Amino acid sequence: AMLFLRTSLLLIFLIYAKVALPQENNKPILYLQLGNDAYGEGDLSTALKQYEKCLEVDSTYQWCLVNLASVLVDLGSHFNLVRAEELYRQVLAENPSDGDAAFNLALLIQDKKTEDSTREAAYLYDISVKADPSRWDAWANMASALSELKQEPLKAIYSFERSILIIEESTENEEENNHARDAYLSKIYYGYGMLLSELTPEACSILAAAPQSLLIGKEKHRGEVSTAELCLENAQNIMRTAASLDPNNSQASHMLASMIAESDPEGKNSLRRATPEFVAALFDDFADTFDSKLGALEYKVPSLIGASAIQVQQRREKNFRTALDAGCGTGLAGHYLRPLVDASLIGVDISQKMLDKAAQCTTSSGCGLEEDNTSERGDAPPLYDGLFALDLETMTLMQTLGTVNTDAREEGFDLIVAADVLVYFGNLEALIKNFAKL
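Start counting the sequence shown at 54; every next residue gets the next number (this note's numbering).
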């Protein structure tokens with residue numbers, strides 16, 4: 054089904070709600086403002102009357118036509134929707150490049166769910182993005198319409214990518230969680246991933262060669278990873294992102310499981326691991342908001358890891374001399390592990406930006422603890438004795454423990470923990486073998 058994203062039909066109301074009071078001989082603008090004021094107060098009936106008065110004075114007044122149509126859509130009923138469509142079409146007949154009318158009409162006709170209406174919706178969204186290239190919702194909806202039509206898959210993918218970039222760039226400085234934004238992004242990533250998974254090898258090759266493509270690993274697509282594998286791998290990784298952005302996106306979770314199953318029809322767990330480049334890029338992007346996002350989800354994995362480590366420690370009847378936090382991220386498990394480790398606590402992650410966050414943590418603050426603003430903060434030792442940006446499948450003792458604790462490098466780690474890490478690997482054999490060496 055089409056993944057249309059519904060946003061407000063009435064954006065232009067607010068744009069024109071504060072115009073200066075007009076002279077008496079300019080009544081259309083007066084009625085427009087009165088209608089906008091009424092709409093702003095939630096009085097749709099009065100807004101409707103004011104826009105009607107505007108059109109009695111000037112039946113072609115563009116903004117009153119668009120806003121009246123939008124109020125009719127809000128009011129509902131078959132009659133109102135039919136009239137709203139007529140009004141939007143009247144605006145576009147006079148001004149074919151009107152992006153607001155085109156977007157609103159596309160939203161209205163998409164519910165007809167016919168091939169013709171979907172094709173027209175795609176055409177109208179194209180008008181909207183040409184009028185305003187910053188409209189992420191128009192880009193996303195155009196991509197969804199093209200996907201539904203099974204037409205122009207590369208244009209659809211480009212549109213999904215534009216939508217993602219616009220949202221990410223416009224919210225990169227936000228400090229608080231925005232669950233509505235994440236839910237929208239999850240849906241967009243879902244549509245993007247579905248489209249990638251259906252690309253032919255030829256189309257994937259064209260996409261990989263495009264400079265603006267967001268495919269990760271495209272530089273190597275002529276080497277060890279074929280073009281078909283490139284798009285399928287990216288599709289799986291993108292579906293992981295969709296599922297992580299919105300845990301309630303059951304479609305993304307289901308499709309991810311389906312993609313994994315299809316890549317391993319005999320149940321041999323032969324799925325390729327998520328590429329280090331993808332995981333690094335993904336978590337570099339999330340680094341600044343990672344802790345707050347997981348906090349909002351009441352994330353329990355670090356505490357569960359700590360509880361399990363305590364059980365092992367109690368059976369040993371002594372602390373661990375050394376421990377490896379494999380895939381440590383921003384260090385959320387660090388405070389649960391630190392009291393159990395007498396010598397070296399080492400963190401390894403593929404994302405340097407996540408490690409930079411973990412490096413700010415001390416035994417008394419950060420990494421899940423409230424910030425310590427007292428003067429003693431500078432005296433608290435770092436939470437980790439060493440942090441390294443390495444691939445868990447290929448890291449060595451000399452690269453990690455050997456750099457901070459030469460006495461222990463021959464003995465290896467007493468404890469290795471991995472919190473929410475294995476999901477980024479397919480076949481675990483190489484990872485477990487390397488852990489055994491450590």
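Quick reminder that beta carbons are idealized off the backbone N, C-alpha and C, glycines included. If you're wondering where the values come from, they're calculated on a predicted model, not measured in any experiment.
Helix, strand or coil: how does DSSP classify residue i here?
i, result
"Lys490", "helix"
"Val124", "helix"
"Asp153", "helix"
"Glu77", "Low local confidence applies: a pLDDT of 48 at Glu77 is under 50, so the model's placement there is unreliable, with the coordinate-based value given in what follows. Residue state, collapsed to three classes: coil."
"Ile399", "strand"
"Thr171", "helix"
"Ile469", "strand"
"Pro254", "helix"
"Ala415", "Per the sequence presented here, residue 415 reads as Thr, with Ala not at that position. Note: Thr415 maps to strand in three-state DSSP."
"Val474", "coil"
"Asn480", "coil"
"Pro264", "coil"
"Pro206", "helix"
"Pro435", "strand"
"Asn148", "coil"
"Met292", "helix"
"Glu315", "helix"
"Asn301", "coil"
"Glu464", "coil"
"Ile485", "helix"
"Ile219", "helix"
Please state whether the Cβ-Cβ distance between residue i and residue j is less than 8 angstroms.
i, j, result
"Asp134", "Val124", "The residue you asked about is not Asp; residue 134 is Leu in the sequence shown. No, the Cβ-Cβ distance between Leu134 and Val124 is not below 8 angstroms."
"Leu454", "Leu408", "no"
"Leu445", "Val394", "no"
"Leu108", "Leu128", "no"
"Ser170", "Gly152", "no"
"Ala198", "Ala175", "yes"
"Leu161", "Ala146", "no"
"Thr280", "Cys257", "yes"
"Leu283", "Leu268", "yes"
"Leu83", "Trp116", "no"
"Ser356", "Leu298", "no"
Going by alpha carbons, who is nearest to residue i out of the options?
i, options, result
"Glu315", "Ser250, Ala209 and Ile399", "Ser250"
"Arg374", "Ala386, Pro392, Ser361 and Leu108", "Pro392"
"His131", "Ala396, Asp164, Pro264 and Thr99", "Asp164"
"Leu450", "Ala411, Tyr477 and Ser397", "Ser397"
"Cys414", "Asp438, Ser404 and Asp395", "Asp438"
"Ser417", "Lys271, Leu218, Ile82 and Gly387", "Gly387"
"Trp192", "Leu202, Leu118, Leu218 and Met448", "Leu218"
"Lys490", "Leu160, Tyr242, Leu468 and Ser212", "Leu468"
"Glu139", "Ser404, Glu147 and Ala122", "Ala122"
"Ala155", "Leu118, Ala471, Lys166 and Thr167", "Leu118"
"Tyr389", "Ser361, Ile403, Glu201 and Ser404", "Ser361"
With a threshold of 7 angstroms (Cβ to nearest heavy atom), would residue i be considered close to the ligand PLP?
i, result
"Gln103", "Here there are no bound small molecules, and the ligand PLP is not part of this structure."
From what residue to what residue does the alpha helix (DSSP H) around residue i run?
i, result
"Leu249", "His232 to Ser250"
"Gly455", "Leu454 to Val457"
"Asp190", "Trp189 to Leu202"
"Leu393", "Counting along the chain, Leu393 falls outside any alpha helix (DSSP H), and DSSP gives it neither H nor E."
"Thr99", "Leu97 to Val110"
"Ile358", "Val354 to Arg369"
Between which two residues does the beta strand (DSSP E) containing residue i stretch?
i, result
"Phe441", "Gly439 to Ala442"
"Asp409", "That residue, Asp409, is in no beta strand (DSSP E); its alpha helix (DSSP H) goes Gln405 to Ala411."
"Arg374", "Phe373 to Ala379"
Is it the case that the region 446-461 contacts the region 350-361, given that we only count it when at least three CB pairs across the two stretches are under 8 angstroms? Touching, no.
Taking one C-beta from the region 299-312 and one from the region 234-251 each time, how about it: are there three or more such pairs within less than 8 angstroms? Result yes; three or more Cβ-Cβ pairs closer than 8 angstroms.
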